[in-house]
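Undergrad:
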Amino acid sequence: MSGVGELRGRVAGAMSALHQDGHLVLCDLLTPAACRDLRAELAPLLVPEGRDPFCSRHVRRVYGVLHNTRAVDALIDHPRVLPLIDRLLLPNYLLSQLEIVEVGVGAPLRPPGYDDQHYPLPRPRPPLSVAALWTLDPGTVVTVWPGSHRWSARRPTSPGTPLTPPPGSCTLLLGTLWHARPARSSAPCLSITARYCEPWLRTREAFTLSPGREVARQLSSRTRRMLGYSIHSPDTGLVDGMHPHRLLT
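When the letters of the sequence shown are read in order and numbered with the working numbering, they come out as residues 383 to 631.
1. Does DSSP put residue 420 in a helix, a strand or coil?
2. Using a Cβ-Cβ cutoff of less than 8 Å, which residues in the same chain neighbour residue 383 once the five nearest sequence positions on both sides are dropped?
3. Is it right to say residue 520 is buried, meaning 16 or more other beta carbons lie within 10 angstroms of its own, or is it exposed?
4. Rounded to the nearest angstrom, what separates residue 620 and residue 545 at their Cα positions?
5. Helix, strand or coil for residue 542, going by three-state DSSP, please let me know.
6. Inspect the beta-carbon positions of residue 511 and residue 557 and report whether they are closer than 7 Å.
7. Since residue 566 and residue 440 should fall inside the 8 Å C-beta cutoff, what is the C-beta to C-beta distance between them, to a whole number of angstroms?
8. Tell whether a beta-carbon distance below 7 Å holds between residue 430 and residue 484.
9. Can we say the segment 584-592 touches the segment 530-539, given the rule of at least three CB pairs closer than 8 Å?
10. Helix, strand or coil for residue 554, going by three-state DSSP, please let me know.
11. List the whole-angstrom C-beta distance separating residue 518 from residue 405, where the pair is believed to meet the contact cut-off of C-beta under 8 Å.
12. Can you round the beta-carbon distance between residue 543 and residue 522 to whole angstroms, since I take them to be within the 8 Å contact cut?
13. Going by beta carbon distance, what residues of the same chain come within less than 6 Å of residue 481, once the five residues before and after it are set aside?
14. From residue 503 to residue 450, what distance separates their C-alpha atoms?
15. Does residue 465 come out as helix, strand or coil in the three-state DSSP assignment?
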């Protein structure tokens with residue numbers, strides 16, 4: 383099979399699994415050395431435990447990721463991940479949120495939910511967002527309910543299925559998939575999550591305000607479009623009646 387044919391077959395198989403289960407683990411996208419380097423660069427940026435009033439005191443985060451580091455830029459537009467998201471969301475979809483989280487020992491259960499919950503549209507429906515969870519440490523666990531992305535108003539009533547994505551992997555979660563985080567009793571685990579959404583939605587982070595134009599100029603053209611320097615046809619996202627990309631010239 384040719385390289386192009388092999389790629390198409392791999393993408394088709396991945397899409398079939400995503401539509402069937404609502405999640406997919408892509409292994410071996412980062413080497414062990416790359417995981418170690420990322421952890422070493424990101425660890426000094428983590429906000430001390432207890433600083434976030436919306437989270438457990440056992441959780442540390444990096445805020446303003448793109449403003450503070452270039453370490454994760456290559457994950458946002460990774461060539462093994464975006465071809466799948468291209469088939470799930472409309473052209474010029476947006477980066478909704480970029481999140482770096484370390485879950486420490488003693489972190490409680492995060493109850494079941496789905497990422498699209500804050501969009502007030504009834505289910506069942508296609509997902510409006512997709513999360514890409516990059517795992518850096520062993521022992522990361524995500525509880526999922528396979529097939530729950532097709533549910534209507536139903537909530538999980540039975541135990542979910544634990545996913546243990548290995549370090550260096552990227553786990554895709556459709557925005558309508560019910561999932562949870564079990565309580566943490568072992569060593570801390572660090573992960574990076576990029577959330578993408580349809581181009582006609584409001585993003586969780588206002589990326590055209592922060593990190594600002596100077597940082598945006600340092601990013602790939604694809605990432606700049608995902609930050610909002612793009613147009614959702616025919617005219618959503620204009621600045622003074624013109625394409626917002628001109629702000630970067």
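Ideal Cβ positions, reconstructed from N, Cα and C, are used throughout, including at glycine.
Keep in mind it's a predicted model, so treat the numbers as computed, not measured.
TA: With the structure as the only source:
1. Taking the sequence shown and counting its residues from 1, one reaches residue 420 at position 38. DSSP places residue 420 in helix when its eight states are reduced to three.
2. Counted from its first residue, the sequence shown places residue 383 at position 1. Any reading at residue 383 must be qualified, since the residue scores a pLDDT of 47, below 50, and its modelled position is unreliable; the value itself is stated next. Closer than 8 Å at the Cβ level, and outside the excluded window around residue 383, lie 391.
3. Counting from one through the sequence shown, the residue named residue 520 turns up at place 138. Residue 520 comes out exposed.
4. Along the sequence shown, one-based indexing puts residue 620 at 238. Along the sequence shown, one-based indexing puts residue 545 at 163. Between residue 620 and residue 545, the C-alpha separation is close to 41 Å.
5. Translated into the one-based positions of the sequence shown, residue 542 becomes position 160. It is coil, neither helix nor strand.
6. Residue 511 sits at position 129 when you count from the first residue of the sequence shown. Residue 557 sits at position 175 when you count from the first residue of the sequence shown. Closer than 7 Å, so yes.
7. Position 184 of the sequence shown, counting from 1, holds the residue named residue 566. Position 58 of the sequence shown, counting from 1, holds the residue named residue 440. Rounded, the Cβ-Cβ distance is 7 Å, consistent with contact.
8. What you label residue 430 is simply residue 48 of the sequence shown in a count that begins at 1. What you label residue 484 is simply residue 102 of the sequence shown in a count that begins at 1. For residue 430 and residue 484, no; Cβs fall outside 7 Å.
9. no
10. Here residue 554 refers to the residue found at position 172 when the sequence shown is read from its first residue. Here residue 554 sits in strand by DSSP.
11. Indexing the sequence shown from 1 puts residue 518 at position 136. Indexing the sequence shown from 1 puts residue 405 at position 23. Actually they are not in contact, since the Cβ atoms of residue 518 and residue 405 sit about 19 Å apart, beyond 8 Å.
12. As a first step, residue 543 is located in the sequence shown; it is residue number 161 there, counting from the start. As a first step, residue 522 is located in the sequence shown; it is residue number 140 there, counting from the start. Going by Cβ atoms, the distance from residue 543 to residue 522 rounds to 15 Å, so no, they are not a contact pair.
13. Working through the sequence shown from its first residue, we reach residue 481 at position 99. Excluding residues within five positions, the ones whose Cβ falls inside 6 Å are 575.
14. Here residue 503 refers to the residue found at position 121 of the sequence shown. Here residue 450 refers to the residue found at position 68 of the sequence shown. Looking at the two C-alpha atoms, the distance is approximately 34 Å.
15. Position 83 of the sequence shown, counted from the start, is the residue given in the question as residue 465. Residue 465: helix per DSSP, three-state reduction.
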